[in-house]
Amino acid sequence: MSPAVASSSSSSSRKPPLRVAIIGGGPSGLVTAKTLLDGASRWREEGFEVEVSLFEQEKEVGGTFRYRSYAHASLVSSKQLTSFSDFRMPFAHNDHLTLPEYCDYLSAYAQHFRLPERCKRWALGTRVVQVRRAREEEDGNHVVTWQGGEVESAHFDALALCTGLHVEPSVPEIPGLPHVSTAGAKGSKRGEKEQEYTPPNLTPDQARITTLHSATFKDPAIFTGKRVLIMGTGETGMDLSYLAVKARASSIVLCTRGGFLSFPAVLSDFTVLGQRFEGKLPIDGLISNLCETAYVHPWIGASRLRWFVSDFGLRNVVLPALTGTKAGCSQWVGELPPEKQGRAYVFLNKSAKAMPYINRPYKKRSRWAERFAEYLNPPDYTEEEVGIDLAPFPSHVTPEGEVVFTRNGRKEDLRMREKLREEPFKPDVAVYATGYSQSFPFLTDDYPLPREADVRGVWKRDDPSVAFIGFTRPGVGAIPPQAEMCAQLWSLVLAGKLSPPRGKGHYNLLQPAEARITYGVDYSAYVSQLARDMHSDPGLWELWRDYGVKTMLCYALGAAFTVFYRLEGPWKDARVKETVERELWDTIVRRGVGGNLMMGVIPMIFYGWLNALAWLLEQVLHLALLPARVLGVVEKESAPPAALVDVRKRR
Numbered sequence: 001m002s003p004a005v006a007s008s009s010s011s012s013s014r015k016p017p018l019r020v021a022i023i024g025g026g027p028s029g030l031v032t033a034k035t036l037l038d039g040a041s042r043w044r045e046e047g048f049e050v051e052v053s054l055f056e057q058e059k060e061v062g063g064t065f066r067y068r069s070y071a072h073a074s075l076v077s078s079k080q081l082t083s084f085s086d087f088r089m090p091f092a093h094n095d096h097l098t099l100p101e102y103c104d105y106l107s108a109y110a111q112h113f114r115l116p117e118r119c120k121r122w123a124l125g126t127r128v129v130q131v132r133r134a135r136e137e138e139d140g141n142h143v144v145t146w147q148g149g150e151v152e153s154a155h156f157d158a159l160a161l162c163t164g165l166h167v168e169p170s171v172p173e174i175p176g177l178p179h180v181s182t183a184g185a186k187g188s189k190r191g192e193k194e195q196e197y198t199p200p201n202l203t204p205d206q207a208r209i210t211t212l213h214s215a216t217f218k219d220p221a222i223f224t225g226k227r228v229l230i231m232g233t234g235e236t237g238m239d240l241s242y243l244a245v246k247a248r249a250s251s252i253v254l255c256t257r258g259g260f261l262s263f264p265a266v267l268s269d270f271t272v273l274g275q276r277f278e279g280k281l282p283i284d285g286l287i288s289n290l291c292e293t294a295y296v297h298p299w300i301g302a303s304r305l306r307w308f309v310s311d312f313g314l315r316n317v318v319l320p321a322l323t324g325t326k327a328g329c330s331q332w333v334g335e336l337p338p339e340k341q342g343r344a345y346v347f348l349n350k351s352a353k354a355m356p357y358i359n360r361p362y363k364k365r366s367r368w369a370e371r372f373a374e375y376l377n378p379p380d381y382t383e384e385e386v387g388i389d390l391a392p393f394p395s396h397v398t399p400e401g402e403v404v405f406t407r408n409g410r411k412e413d414l415r416m417r418e419k420l421r422e423e424p425f426k427p428d429v430a431v432y433a434t435g436y437s438q439s440f441p442f443l444t445d446d447y448p449l450p451r452e453a454d455v456r457g458v459w460k461r462d463d464p465s466v467a468f469i470g471f472t473r474p475g476v477g478a479i480p481p482q483a484e485m486c487a488q489l490w491s492l493v494l495a496g497k498l499s500p501p502r503g504k505g506h507y508n509l510l511q512p513a514e515a516r517i518t519y520g521v522d523y524s525a526y527v528s529q530l531a532r533d534m535h536s537d538p539g540l541w542e543l544w545r546d547y548g549v550k551t552m553l554c555y556a557l558g559a560a561f562t563v564f565y566r567l568e569g570p571w572k573d574a575r576v577k578e579t580v581e582r583e584l585w586d587t588i589v590r591r592g593v594g595g596n597l598m599m600g601v602i603p604m605i606f607y608g609w610l611n612a613l614a615w616l617l618e619q620v621l622h623l624a625l626l627p628a629r630v631l632g633v634v635e636k637e638s639a640p641p642a643a644l645v646d647v648r649k650r651r
């Protein structure tokens with residue numbers, strides 16, 4: 001049953017607390033619980049109260065970061081971007097956290113805001129068995145059944161699904177490889193039971209291969225002295241390839257389906273005309289706000305012109321001059337097809353430690369070019385270590401245990417064919433770094449799925465009582481800060497403080513409908529759109545008036561950090577000024593004068609002119625069409641604002 005839509009007039013009688021169930025105790029679930037509880041504290045005098053119940057099937061919070069991590073793994077997004085807006089990592093801490101450090105951060109976040117005490121239910125080690133719609137005669141909108149010992153049920157007014165993107169391991173079938181056991185990977189569609197698996201008849205040479213999914217990988221010692229096959233060139237595949245090098249594998253083959261776009265999470269050191277420059281700048285903090293995410297004309301936003309212009313300059317000027325190739329940052333093989341190159345189309349692969357070992361047989365650059373500019377390999381790279389051979393995906397494994405690769409005519413395919421003529425590749429270990437699929441086995445069939453969430457990717461327009469928090473993936477950025485912004489938007493709507501936003505945002509990556517991943521967004525465009533929806537996007541005048549010149553300049557030159565959206569608007573917290581003027585100001589200082597010119601001032605001037613021209617053209621067209629509007633020939637484009645909603649069931 002869809003929730004009732006209420007008018008903007010509020011009842012004088014005090015409403016009962018809104019009962020919200022949150023499923024998932026990772027970063028998205030934690031920040032949703034904290035945001036709802038903070039909203040209740042802010043608006044209690046206006047009659048908004050909540051009862052939050054959080055369910056997490058593992059015994060500790062942290063989600064996939066805690067239970068699907070492996071040795072030496074770290075975040076590829078910076079602490080400045082990933083930390084929640086009002087609970088920051090220590091200033092002196094490294095830019096990128098290891099996964100154990102991030103799990104400790106999440107635990108500290110929950111304790112700092114006293115979430116276990118403030119939630120009505122803090123149910124760790126508890127599996128949600130079923131979520132169904134409440135019947136007409138029942139209380140609430142949703143009935144949640146869980147098991148943490150005994151089986152229990154309760155009724156709720158609203159439901160937040162925060163189980164995340166990395167749930168069920170995705171394992172493509174490759175004939176001749178032993179079966180990979182992944183509990184729950186089968187039958188993940190709406191609670192179907194896992195089908196009984198009948199192993200194929202394998203020869204001894206096939207059966208001897210150790211196979212696993214990256215979800216169960218823990219220790220790189222499994223690679224030592226072995227011939228290693230890794231399937232998938234996402235960040236996990238790159239990580240595991242690098243770990244195989246350092247574990248002294250005897251040979252390593254890394255398989256890609258159609259290429260990737262490599263760009264390191266942190267720029268390495270480089271030289272220009274003999275002068276050495278220290279990189280060490282997280283790339284997710286390099287895009288400036290002013291005229292790129294703030295003060296952007298709707299026409300410019302809709303055209304994605306900013307993406308195409310920056311991609312053109314990066315791929316055709318900066319990368320060739322600095323690294324000698326435009327396929328990626330110091331990426332000499334594995335390039336994407338032309339129609340998929342650029343930030344408008346793909347997720348950047350920010351795990352780049354393996355690239356020097358992949359590039360080795362392909363990198364060819366003149367000494368003159370290296371004297372002009374050189375992108376330096378990491379200090380732990382040595383030529384004596386084993387290289388990584390890039391190859392197409394396997395089609396099958398022969399009875400003799402030899403891998404046969406798909407033929408696609410790409411340079412990695414041609415080189416692998418030459419190598420296989422000399423010696424077949426017979427792996428000892430095969431790892432599927434092939435990602436995950438979403439799974440909601442506890443939901444009944446009358447619930448929407450994330451792809452149906454047409455209001456900013458958070459809920460379906462006719463049912464704001466069901467939210468999907470943390471189900472949009474940024475091309476460059478991090479999911480937790482996006483989840484925080486989504487939780488803020490949803491909380492405002494549940495509290496009756498904001499009408500659901502209308503209009504289409506211009507933040508989705510340009511992916512075909514048949515693409516495997518269709519939930520990609522441009523981080524800066526997405527969070528700034530959410531800020532505008534909530535009226536949290538600060539104006540330069542307001543920042544100068546309320547906080548001073550330094551905060552205003554930091555916002556203009558800085559990236560779309562969620563802290564900026566706590567300076568004004570319904571979630572305003574003046575205490576974040578200290579974070580802005582110390583931690584975020586440091587990200588600007590570290591760029592240096594040249595970096596701020598290249599990544600701040602020059603783009604601002606260019607995009608500022610574009611936005612000004614778009615505004616001027618709009619005014620000319622407005623005046624030209626004014627007589628038609630007066631006569632009613634041209635309809636007005638603006639839609640009436642949406643009504644406030646009340647998700648409580650009307651009885």
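In UniProt numbering, the protein residues as written are 1 to 651.
Beta carbons are placed, not taken as given, at the ideal position from N, Cα and C, and that holds for glycine.
Q) For R502, which option in G285, D533, L177, F263 has the closest C-alpha, if you only look at C-alpha atoms? A) The residue with the shortest Cα to Cα distance from R502 is D533.
Q: Tell me whether D389 is buried or exposed, calling it buried when 16 or more other Cβ atoms sit within 10 Å of its Cβ.
A: By the beta-carbon neighbour count (other beta carbons within 10 angstroms, threshold 16), D389 is buried.
Q. Where in the segment 338-394 do unbroken runs of the alpha helix (DSSP H), each at least 4 residues long, occur, reported from the N-terminal end onward?
A. Residue ranges of uninterrupted alpha helix (DSSP H) with 4 or more members, entirely inside the segment 338-394 and ordered along the chain, are 355-359, 367-372.
Q.
Applying the 10 Å Cβ sphere with the 16-neighbour rule, what's the burial state of A321?
A. That one is exposed.
Q.
Which same chain residues end up closer than 8 Å to V151 when comparing Cβ atoms and leaving out the 5 residues on each side of it in sequence?
A. When the five nearest sequence neighbours on each side are left out, the beta carbons in the same chain lying within less than 8 Å of the beta carbon of V151 are those of V129, T145, in order along the chain.
Q) Mind checking whether L75 and A123 have CB atoms under 8 Å apart? A) In this structure, L75 sits away from A123, with a CB-CB distance that is not shorter than 8 Å.
Q | Boundaries of the beta strand (DSSP E) in which F277 is found, first to last residue | A | 275-277 is the extent of the beta strand (DSSP E) around F277.
Q) Using the rule of at least 16 other Cβ atoms within 10 Å of the residue's Cβ for burial, across every protein chain shown, is G592 buried or exposed? A) By the neighbour-count rule (16 or more Cβ atoms within 10 Å), G592 is not buried but exposed.
Q: Assign V549 to one of three DSSP states: helix, strand, or coil.
A: Helix, per DSSP.
Q.
Considering only their Cβ atoms, is the gap separating S536 from L644 smaller than 8 Å?
A. Their beta carbons are not under 8 Å apart, which means L644 does not touch S536 by this criterion.
Q) Quick one: is Y381 near chain D, going by C-beta distance under 8 Å? A) Of the chains in the structure shown, none is chain D; there is only one protein chain.
(Q) Taking its Cβ as the centre, do 16 or more other Cβ atoms sit within 10 Å of G225, making it buried, or is it exposed? (A) Exposed is the call here.
Q. From E412 to E173, what distance separates their C-alpha atoms?
A. Rounded to whole angstroms, E412 to E173 spans 22 Å at the Cα level.
Q | Pair within 8 Å by beta-carbon distance, K460 and P448 | A | Taking 8 Å as the Cβ cut-off, K460 and P448 qualify as a contacting pair.
**Q.** C-alpha distance - W332 paired with T210, whole-angstrom precision
**A.** Near 31 Å, if we compare the C-alpha coordinates of T210 and W332.
Q: Rank H297, C291, S303, P264 by C-alpha distance to the C-alpha of D284 and give the top, closest one.
A: That would be P264, whose Cα lies nearest to the Cα of D284.
Q) Taking just the CA atoms, how far does S251 sit from I222? A) Just so you know, the alpha carbons of I222 and S251 end up roughly 13 Å apart.
(Q) On the DSSP letters alone, give me the boundaries of the alpha helix (DSSP H) that F308 sits inside. (A) For F308, the enclosing alpha helix (DSSP H) has its first and last residue at 305-313.
Q) Do you know whose CA, among I602, V309, F260, lies nearest P337's CA? A) Among I602, V309, F260, the Cα nearest to that of P337 belongs to F260.
Q) Between the Cα of Y507 and the Cα atoms of S303, A352, S214, L610, which residue gives the shortest distance? A) Closest by alpha carbon: S303.
Q | Cβ-based neighbour list, E51, same chain, cut-off 6 Å, excluding 5 preceding and 5 following | A | Sequence-distant partners of E51 (beyond 5 residues in either direction) whose C-beta falls short of 6 Å from its own C-beta, in its chain, are P17, R19, K120.
Q) For D38, which option in Q488, V647, G148, P379 has the closest C-alpha, if you only look at C-alpha atoms? A) In terms of Cα proximity to D38, the closest of Q488, V647, G148, P379 is Q488.
Q.
Can you tell me whether residue 661 is helix, strand or coil according to DSSP?
A. Residue 661 is absent from the structure shown; the chain starts at 1 and stops at 651.
Q. Looking only at C-alpha atoms, which of H93, S41, G600 sits nearest to I588?
A. Looking at the Cα atoms, G600 is the closest of the given residues.
Q: Using the Cα positions of E339 and K497, report the straight-line distance between them to the nearest angstrom.
A: Each residue's Cα considered, the two are about 43 Å apart.
(Q) I believe G237 touches L212 by the beta-carbon criterion, under 8 Å. Please report the beta-carbon distance rounded to the nearest angstrom. (A) 13 Å between Cβ atoms; not a contact.
Q) Where DSSP assigns a beta bridge to I287, which residues make up the other side? A) Paired residue(s): none; I287 is not in a bridge.
Q | Rounded C-alpha distance that separates Y295 from M416 | A | Straight-line spacing of the CA atoms in Y295 and M416 works out to 50 Å.
Q. DSSP on L631, reduced to helix/strand/coil?
A. Here the model assigns L631 a pLDDT of 48, short of 50, so the residue's position is not dependable, and the following value carries that caveat. Residue state for L631 is assigned as helix, using DSSP reduced to three classes.
Q. With a CB to CB cut of under 6 Å and the five nearest residues on each side skipped, what residues in its chain are close to Y565?
A. The answer, listed in chain order, is A531, S536.
Q: Could you check which residue in A467, R410, L613 has the C-alpha nearest to that of H142?
A: The option with the nearest alpha carbon to H142 is A467.
Q. Counting pairs of Cβ atoms below 8 Å between the segment 342-354 and the segment 303-318, do you hit three or more?
A. Inter-segment contact for the segment 342-354 and the segment 303-318 is present: three or more beta-carbon pairs are separated by less than 8 Å.
Q: Go to V493, then tell me how far its alpha helix (DSSP H) extends in each direction, as first and last residue.
A: It spans 479-494 - the alpha helix (DSSP H) in which V493 sits, taken as one unbroken run.
Q. Roughly how many angstroms separate the alpha carbons of N377 and P356, rounded to a whole number?
A. Taking the straight line from one Cα to the other gives about 7 Å.
**Q.** Residue nearest to G301 in terms of C-alpha spacing, selected from T32, S524, K572, Q57
**A.** Of the candidates T32, S524, K572, Q57, the one whose C-alpha sits nearest the C-alpha of G301 is S524.
Q) Can the beta-carbon of F156 be found less than 8 Å from the beta-carbon of G176? A) Result no, Cβ atoms of F156 and G176 do not sit closer than 8 Å.
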